[in-house]
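Here's the structure, in structure tokens; my notes come after.
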Amino acid sequence: MKNRIALQKLMPSGWFLTMLLIIAGWSLIILFGRENPFSVFFYIGQGFLGSTYSLFSTFNKLFIYVLAALAASIPAWAGMWNVGGEGQLVLGGFMAACFATSVNTGTQVLNILLVLMFAALCGGLWALWPAWFKVRWGVNEVVTTLMGNYLIDLFTMYMVNFPLREKGSTWPRMAYIPKNYELKTIGNLDLSYTFLISVVVVAVMEIIRRYSIVGYEFQLTGKNSVFSKQGGVRIDRIKVWSMFIGGAFAGLAGGLLVLGLNTTFIAGFSPGYGNVGLLISLIGGNMPLAILGIAFSFSALQVGSLNMQIYTKIPPEITGVLQSIM
């Protein structure tokens, strides 16, 4: 018995084996591109760790992956599939840009708080109708949330190409937001406040998941809805609220993207952040702390691929292939 326990301790963990398989898969893809995997990994690492600016750039892109992943993971706690994070994120960004170019309180802090709350509210409301269809008529939420992505994409593309297009712009986009709506960097650093927001959100959601009654009811509903219902949990309300919170996180991500990086809403606003967020939530098992770590790796790959492109013949699009292997 003791020998068996000792042998189990010596055996590599599941996570360790998974990472070995991921690295092996990456190396194989890189070899097909006729490059040395060690050199490519070095240049990727140098790309996001080579300087303070590179590291902060990685942190600054972290929020979009974290919030997009939480948009899928919170509903998953309650047994719901939110694959509409892309549409909710785009809607949040669009409404944030509309708000910022129309309303100005004169106070930067109040401006930012109001626009982010509005973006989160819009994303959450857009996630409500699939949740209602699910609990009221049993309509599969995967279908409705996916359909919602296309509706929002077509709607915003029309708006930014025609009625709200900035006059004289060569690319379909809205007007730039006022300066007192922009999220500044922290002090003299190149680190954006979006990084702090993402870390705080992860910490709060992890505490809720582990220690709160709400988190317990969400997870209990997702694991066994029949038992939850018999125990007095209002599972329909839990499912609806989980979708609203998930949509709100996606909308918040869109709002932060407008205020923190883009400073406007453009055609092709999101290159698939919502879909990547869904992938990250699945890899992380819907756990906020795991999501934070995996989101960092995705962000690091994104930033490091620019350096890889300079020193190797491998195109930056290979980053998407490496992410898909994860």
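Mapping of the sequence shown onto this note's numbering: residues -7 to 318, in sequence order.
Every residue gets a Cβ at the ideal spot worked out from N, C-alpha and C, and that includes glycine.
The structure presented is a predicted model; accordingly, all values stated were derived computationally and were not measured.
**Request:** Output the boundary residues of the alpha helix (DSSP H) element that contains Val95.
**Result:** Position 103 of the sequence shown, counting from 1, holds the residue named residue 95. First-last for Val95: undefined, no H or E at that position.
**Prompt:** Helix, strand or coil: which one does DSSP assign to Ser262?
**Reply:** As a first step, residue 262 is located in the sequence shown; it is residue number 270 there, counting from the start. Here Ser262 sits in coil by DSSP.
**Message:** Alpha carbons only, please: which of Trp121, Ala61, Val268, Val82 is nearest the one belonging to Val135?
**Reply:** For the purposes of this step, residue 135 is taken as residue 143 along the sequence shown, with counting starting at 1. Closest option to Val135, Cα to Cα, is Trp121.
**Asked** Straight-line CA distance for Pro280 to Tyr185?
**Response** Counting from one through the sequence shown, the residue named residue 280 turns up at place 288. Counting from one through the sequence shown, the residue named residue 185 turns up at place 193. In a straight line, the C-alpha of Pro280 is about 19 angstroms away from that of Tyr185.
**Prompt:** So Ala60 packs on Gly84, CB below 8 angstroms; how close in whole Å?
**Reply:** Against the sequence shown, residue 60 aligns to sequence position 68. Against the sequence shown, residue 84 aligns to sequence position 92. Not really, about 11 angstroms apart at Cβ, beyond 8 angstroms.
**Request:** Pick out whichever of Asn141, Gly224, Gly17, Val32 has its Cα sitting closest to the Cα of Thr304.
**Result:** One-based indexing of the sequence shown puts residue 304 at position 312. Residue Val32 is the option with its Cα nearest to Thr304.
**Prompt:** Quick one: is Lys231 buried, meaning 16 or more other Cβ sit within 10 Å of its Cβ, or exposed?
**Reply:** Looking up residue 231 in the sequence shown gives position 239. Taking all protein chains shown into account, Lys231 has 16 or more neighbouring C-beta atoms within 10 Å of its C-beta and is therefore buried.
**Prompt:** Three or more C-beta pairs closer than 8 angstroms, one from the segment 59 to 74 and one from the segment 205 to 222: is that the case here?
**Reply:** yes
**Request:** Spell out the partners DSSP gives Arg165 in its beta bridges.
**Result:** As a first step, residue 165 is located in the sequence shown; it is residue number 173 there, counting from the start. DSSP output for Arg165 lists Ile258 as bridge partner(s).
**Nearest to Ala88 (by Cα), restricted to the options Ala287, Leu106, Gly277, Lys221** = Working through the sequence shown from its first residue, we reach residue 88 at position 96. The option with the nearest alpha carbon to Ala88 is Leu106.
**Request:** Over the uninterrupted alpha helix (DSSP H) stretch that includes Val75, give me the two end residues.
**Result:** The sequence position of residue 75 within the sequence shown is 83, counting from 1. Neither: Val75 is in no alpha helix (DSSP H) and is coded neither H nor E.
**Asked** Going by Cα to Cα distance, which pick from Pro170, Ile237, Val58 is closest to Met322?
**Response** There is no way to answer for residue 322, as the model of the chain reaches only from -7 to 318.
**Request:** Measure the alpha-carbon distance for Gln301 versus Gly264 and round it to whole angstroms.
**Result:** Taking the first residue of the sequence shown as position 1, residue 301 is located at position 309. Taking the first residue of the sequence shown as position 1, residue 264 is located at position 272. Between Gln301 and Gly264, the C-alpha separation is close to 21 angstroms.
**Request:** In the DSSP assignment, find the alpha helix (DSSP H) that holds Val135 and state where it starts and stops.
**Result:** Within the sequence shown, the letter at position 143 stands for residue 135. Per DSSP, the continuous alpha helix (DSSP H) segment holding Val135 begins and ends at 133 to 153.
**Asked** What is the rounded straight-line gap between the Cα of Val206 and the Cα of Phe34?
**Response** The count along the sequence shown starts at 1 and reaches residue 206 at position 214. The count along the sequence shown starts at 1 and reaches residue 34 at position 42. Cα to Cα, the separation comes out at about 44 angstroms.
**Message:** Please tell me whether Leu81 and Ala245 are closer than 8 angstroms, where the distance is taken between their beta carbons.
**Reply:** Taking the sequence shown and counting its residues from 1, one reaches residue 81 at position 89. Taking the sequence shown and counting its residues from 1, one reaches residue 245 at position 253. Against a cut-off of 8 angstroms, the Cβ pair of Ala245 and Leu81 comes out as a contact.
**Item:** Rounded separation between Asn172 and Trp129 - CA only
**Value:** To locate residue 172, count along the sequence shown from 1; it is residue 180. To locate residue 129, count along the sequence shown from 1; it is residue 137. So the alpha carbons of these two residues sit roughly 45 angstroms apart.
**Prompt:** Excluding five sequence neighbours on each side, which residues of the same chain lie with their C-beta closer than 7 angstroms to the C-beta of Pro170?
**Reply:** For the purposes of this step, residue 170 is taken as the residue at position 178 of the sequence shown. If we look at Pro170 and ignore the five residues flanking it on each side, its Cβ neighbours are Ala92, Asn96.
**Message:** Using only the alpha-carbon positions, how far apart do Ile21 and Gly266 sit?
**Reply:** Residue numbering aside, residue 21 sits at position 29 when the sequence shown is read from its first letter. Residue numbering aside, residue 266 sits at position 274 when the sequence shown is read from its first letter. Those two C-alpha atoms are separated by around 25 angstroms.
**Own chain partners of Ile227 with C-beta closer than 6 angstroms, once the 5 adjacent residues on each side are dropped** = Here residue 227 refers to the residue found at position 235 when the sequence shown is read from its first residue. Cβ within range, chain order: Thr213, Ser217, Ser220, Lys221.
**Prompt:** DSSP on Ser19, reduced to helix/strand/coil?
**Reply:** Mapped onto the sequence shown, residue 19 falls at position 27. It is helical.
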